[in-house]
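Protein chains in written order, with the working numbering: chain A, 22 to 537; chain B, 113 to 552. Glycine included, every Cβ here is placed at the ideal spot set by N, Cα and C. This structure is a prediction, so every number in the text was calculated from the model and none was measured. I have placed the structure first, in the form of structure tokens, so that the comments after it can refer back to it.
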């Protein structure tokens, strides 16, 4: 096991490294304003069989969970993703050919035990990802909104930490302590692939006042960093300069200063946005994005503003509707660049098997032509969506939430720039596979809507009318009665007509009567 | 007053009426082009985009079923292939609108058949026939539906041509049209029993065969069956069956399973949970989500009253008396008792109005006619109001509002259907007149 624990502060908000106290396998320091990232890398044989068996059945597995609570990023941890549970997955032996193979069943079972996520209620819950795009991506994708990691914390504490009993009680309690920390994490990434044969777990906590306090166990390499963005280090346009101190616990008595610059795919654009449904919502709601500025992050005409949506199955886009230029323009949209498939355009939510849909829309910011303030002012873009029918309940309405999209400027990086493995860049975010490898993402910061007091949540709520279960018996009985009455009436007129004139022509029936 | 009268009488001559009908559609079509080009809210029906997308796929040699929600015969996509030329030929908008021109032309052709039938088989003079045909030809609803790009107008012309062919005793043509119509939209199969029942010796202008020998014995069941199986009936059955299966076999060979799945099987598996005019609608939404535990479920036997009325009972009582009214009543019953119903379905029976209304009690008793029209429109209006609240305002109007208006609309339709049946049972004017003329 190796781990890297990094405290990341804003420029000028760091601490004096002299204040750090290093004693054996623990490190302490003063309180300061910083974000924290923990990355743990585990070899397969270090894991309990319960987990290593599952991982070995996967060709590739990436879990991305993001908290729905708004948080501010600190460079270089700048990537953004819609809140919720994302799964990028390629089954092992079957290599994505069969979604409902035994490998997938095994993974589903593990995810149900750990995250409490029920994917395998339907084998067709996964969506296939396009593999004809630029970069390599997993075969299958699944998403579900998820509020927190409590279920995972409980699973780790009770099931996984307990298997460390052989390493002593301290190992067990240390494991439980680390697991507990996940309750207020901002994001969690879990990655495994057959090439590295290692499990990488990365958790981030939002920026807050916290004291530097790290302890680890002997025998595992633990590196602690106190780092901050340092514009003075930066040399290239695409790079982020970082400076600070690194300490390898157990090895070093004093921290060693570091300074480096790495090309970063993820940057901040400086603008922010919020997302809410336009009222009244109806069954064809419009999601309105309010964007603080339409200004490009760079003086580069090839930068384009995009919004990448991850929509649960109850809300869906119609790609045919999103193909009319005039219509798109009226909504400040340029084009639909990608839509996952299949997206059923008719089925109710309860008869839809696929988890939902993802779309990538290019937005049209106000023209940054003659008037400079026009481009820099706030503006809106509207995304027409549709609701599926939801199952009846006892309230007559169901509450559904659409996660905030990831909104970013996609800019081609300068000639010759490569984005090699930046130790802080996240990959497998969904949208990154839709762009070329030399594209940089300048993120627009998501901010919670103030109105309505959603408590800083990056989810847009919508109320969906559904049939009230309590009326079910009326509907059943009433419809049957209406059909019986209507049918009886029509039958009666037919019988009356038959009695009067028979089935033949009037002439014939009159003749028939005469004969009688 | 006199001036308008003369103006009207001038309108009801063949050329002016058809010219005005064409002009009406041309104006609607051009207005639609303008609206589509200038407003984000489109005049063109979404279905038209489905057809034309499918036509584009077909044009490229692909399957029309590559377009999601294309649930029609490939013939429709083939027919609209010229709209796919809009990708290369200019002006693109006009080429794209060519399908609408075809649908509008189908409206006019259906109107022409109406006039023919009214004149030749209902014994009307030209002016009166044209006046009744104008119910269809000058109907703004009909013109709107076809110029928005709905294909229902094609059904209108198919069904009218079928009726005309039957009344003209063109059995082979009728068989082809029947088989073609059923391939195109399934529902015209309900006309088959009515036509077959109507095609007795008297209708076909044949003398009754002399009763065998001089025995006064009443004919046995076997005799009845033998007499029923006339060569014309067998010819109709064979030709329509060959047309229907031939077209299906052809389409299956070209497009395979997707053709069967989307054109036919879809109608068996569809849930129809989204709100529409059908009385079963809310119940279908409910049972698709929460399967009922009770042993009797009306929705699972919904086809019984529908099929019984539209293919057995109504033709049995009405077809011989008045084929047009029988077909009108059958269509009305089929739509009223269907598990899904949208306003396009109304076109299926509106085409028969010019044939039915002349002898109807809705015209002879205007008070009844106005009441029926008001009730039909009002219960539909109530549904539309409730539907608007649900669809655009997000208000839960499923129950009682929306449900109650579907029930009201259903009961109003049943009442109207009762009157049509009663009218049909003692009208029978057209065929009698015809047979008299033949006799002369």
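According to DSSP, residue pairing for residue 480 of chain A in a beta bridge involves A:424. C-alpha of residue 121 of chain B to C-alpha of residue 344 of chain B: approximately 41 Å in a straight line. Going by DSSP, residue 290 of chain A is part of the beta strand (DSSP E) stretching over 287 to 298. The beta-carbon of residue 344 of chain B is placed no less than 8 Å from the nearest beta-carbon of chain A.
Excluding residues up to 5 positions away in sequence, 297 lie with their Cβ nearer than 6 Å to the Cβ of residue 267 of chain B in the same chain. Any Cβ of chain A closer than 8 Å to the Cβ of residue 445 of chain B would place that residue at the interface, and such an atom is present. The beta-bridge partner set that DSSP reports for residue 249 of chain A consists of A:30 and A:264.
Nearest C-alpha to residue 418 of chain A among A:297, A:355 and A:487: A:487. In the DSSP assignment, residue 378 of chain A is bridged to A:332. If the five residues before and after residue 489 of chain A are omitted, its C-beta is found closer than 8 Å to the C-beta atoms of 413, 414, 415, 416 and 417, all from its own chain and listed in chain order.
Three or more pairs of CB atoms, one per stretch, sit closer than 8 Å, so the region 96 to 111 of chain A contacts the region 77 to 87 of chain A. Listed by position along chain B, the residues whose Cβ is nearer than 9 Å to that of residue 337 of chain A form an empty set, because the closest Cβ is around 12 Å away.
Taking the beta carbon of residue 453 of chain B as reference, no residue of chain A falls within 9 Å; the closest one sits roughly 13 Å away. Taken in chain order, the members of the region 488 to 509 of chain B whose beta-carbon sits within less than 8 Å of a beta-carbon on chain A are 502, 503, 504, 505, 506, 507, 508 and 509. If you compare the alpha carbons of B:191, B:232, B:225 and B:233 with that of residue 213 of chain B, the shortest gap goes to B:191.
In the DSSP assignment, residue 112 of chain A is bridged to A:79.
For residue 432 of chain B, the three-state secondary structure derived from DSSP is coil. Of the other Cβ atoms in all chains shown, fewer than 16 fall within 10 Å of the Cβ of residue 280 of chain A; this residue is therefore exposed. The alpha-carbon of residue 183 of chain A is positioned some 17 Å away from that of residue 131 of chain A. Residues of chain B whose Cβ lies closer than 8 Å to the Cβ of residue 418 of chain A are, in chain order, 508. In the three-state reduction of the DSSP assignment, residue 197 of chain A falls in the helix class, which pools H, G and I. DSSP places residue 93 of chain A in the coil class of the three-state scheme, outside both helix and strand. Interface annotation, residue 377 of chain A: not in contact with chain B, CB-CB separation never under 8 Å. Taking C-beta separations shorter than 7 Å and ignoring five residues to either side along the sequence, the partners of residue 316 of chain B in its chain run 281 and 344, following chain order. Residue 97 of chain A and residue 29 of chain A have their C-alpha atoms roughly 8 Å apart. Proximity of residue 347 of chain A to chain B, defined by a Cβ-Cβ separation below 8 Å, is satisfied. Under the three-state reduction of DSSP output, residue 432 of chain A falls in the strand class. Comparing alpha carbon positions, the residue from A:191, A:256 and A:200 closest to residue 239 of chain A is A:191. C-alpha of residue 513 of chain A to C-alpha of residue 363 of chain A: approximately 49 Å in a straight line. B:193 is the residue among B:223, B:131 and B:193 whose C-alpha sits nearest the C-alpha of residue 160 of chain B. DSSP lists A:287 and A:431 as the bridge partner or partners of residue 462 of chain A. Under the three-state reduction of DSSP, residue 265 of chain B is assigned to helix. Annotation: the continuous alpha helix (DSSP H) that includes residue 510 of chain A extends over 493 to 522. Against chain B, the CB of residue 501 of chain A has a partner CB under 8 Å away; the residue lies at that interface.
Between the alpha carbons of residue 167 of chain B and residue 453 of chain B lies a distance of about 26 Å. Per DSSP, the continuous beta strand (DSSP E) segment holding residue 55 of chain A begins and ends at 47 to 64.
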